[in-house]
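Residue numbers (my numbering): 122 to 428.
A virtual CB, placed ideally from N, CA and C, is assigned to each residue, including glycine.
Presented below is the structure to which this report refers.
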Ligand SMILES: C[S@@+](CC[C@H](N)C(=O)[O-])C[C@H]1O[C@@H](n2cnc3c(N)ncnc32)[C@H](O)[C@@H]1O
């Protein structure tokens, strides 16, 4: 059964039934935070495209892919993950799931296929690794004018709020063991902050970064999910460094007590979007430059002949 599948990759969270339920709850909270599955800058542009194809890379239990397939019944939606441990057994007809390691060069079959690639909470899986391969793969998998939408944890990873304060957004210090341990676990934050520059380097255009602030009405639910993620991290840490895991779990217990006292925290999320430049546009640039060069030469030549 998929739930007990052993994983051989470096994913540091769990993949059993509880972890899958946590992903589902987290999906609904994130979708509420950003107001839908796809940012309007993208959905307004792709909605009317023919042969619309969408991929969800690092799809986990596939909940985003399933909802996208329902929202876009004429689109083909593919959920992609390095492991099938959480793939669903039921999904809409226009949705399917493939196993693929995004750190390895992608097959020709996936190149130039997608109008949109959604990536969510994947950066943590690549800690300490070279990120060029995944950005190259995403770029190659997109059609010209195809979009990437990448939501992930951004600095400072976790933000705390004190519900007893008049302004809920006032910062509250996290229990110190968590504060010191978090950067050890969520190193990807630094990398994700550089994503807009990396996309620009790779030739993406129309790059935007959006804040995804939590909704005040669901802050407690967000805090509970944050604690569950930390518990999963603590569980994985237990196999590697039991002493550190014990400290980590004490800090989580402190956070749980904090919630009882009206203290809340959420993960800091941001989304980066960008569009793959259409090849024809890329060609037009040098041509424009050539015309400018020619005009410049003409002008220089002209002024010389006037002397
Ligand atoms: C934190 S989960 C996020 C799942 C989903 N995107 C969501 O938001 O609910 C990260 C997922 O990325 C997958 N993953 C990790 N490394 C990967 C790789 N090299 N290629 C493809 N998927 C990968 C993991 O297996 C896991 O399912």
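The residues 389, in chain order, have a CB closer than 7 Å to that of residue 277 in the same chain once the five nearest residues on each side in sequence are set aside. For residue 195, there is no enclosing alpha helix (DSSP H), as DSSP marks it with neither H nor E. Pairing residue 155 with residue 334, the inter-Cα distance amounts to about 8 Å.
Separation of residue 366 and residue 387 (C-alpha to C-alpha, rounded to the nearest whole angstrom) is 21 Å. CA-to-CA, the gap between residue 316 and residue 226 works out to about 20 Å. In the same chain as residue 266, and ignoring 5 residues on each side of it, the C-beta atoms closer than 7 Å to its own belong to 396, 397 and 399, in chain order. Residues 366, 369, 370 and 373 of the same chain have their beta carbon placed closer than 8 Å to that of residue 355, with the five preceding and five following residues left out of the count. Assignment of residue 211 by DSSP, reduced to helix, strand and coil, places it in the coil class. Of the candidates 153, 337, 193 and 219, the residue whose Cα lies closest to the Cα of residue 167 is 193. Boundaries for residue 219: no alpha helix (DSSP H) harbours it, while the beta strand (DSSP E) harbouring it runs 216-220, taken from the DSSP string. Between residue 268 and residue 222, the C-beta gap is not smaller than 8 Å, which leaves the two residues out of contact.
A direct Cα-Cα distance of roughly 23 Å separates residue 191 from residue 243. Using a cutoff of 7 Å, the CB of residue 355 does not count as near ligand 1, since none of the ligand's heavy atoms is closer than that. Rounded to whole angstroms, residue 238 and residue 182 show a C-alpha spacing of 17 Å. Set against 7 Å, the gap from the CB of residue 180 to the closest heavy atom of ligand 1 is smaller.
Approximately 6 Å separates the beta-carbon atoms of residue 187 and residue 216; this is inside 8 Å, confirming the contact. In the DSSP assignment, the residues bridged to residue 331 are 392. DSSP, reduced to helix, strand and coil, places residue 227 outside both helices and strands of the structure shown, so it counts as coil.
Residue 235: member of the beta strand (DSSP E) spanning 235-241, first to last residue.
Here the alpha carbon of residue 270 sits roughly 6 Å from the alpha carbon of residue 393.
Contact check for residue 175 against residue 198 passes: the beta carbons are separated by less than 8 Å. Residue pairing of residue 273 in beta bridges, as defined by DSSP: 391. Within the model, the alpha-carbon separation for residue 254 versus residue 153 is close to 31 Å.
In this structure, residue 240 places its C-beta atom within 8 Å of the C-beta atom of residue 179. Beta-bridge annotation (DSSP): residue 336 is not paired with any residue.
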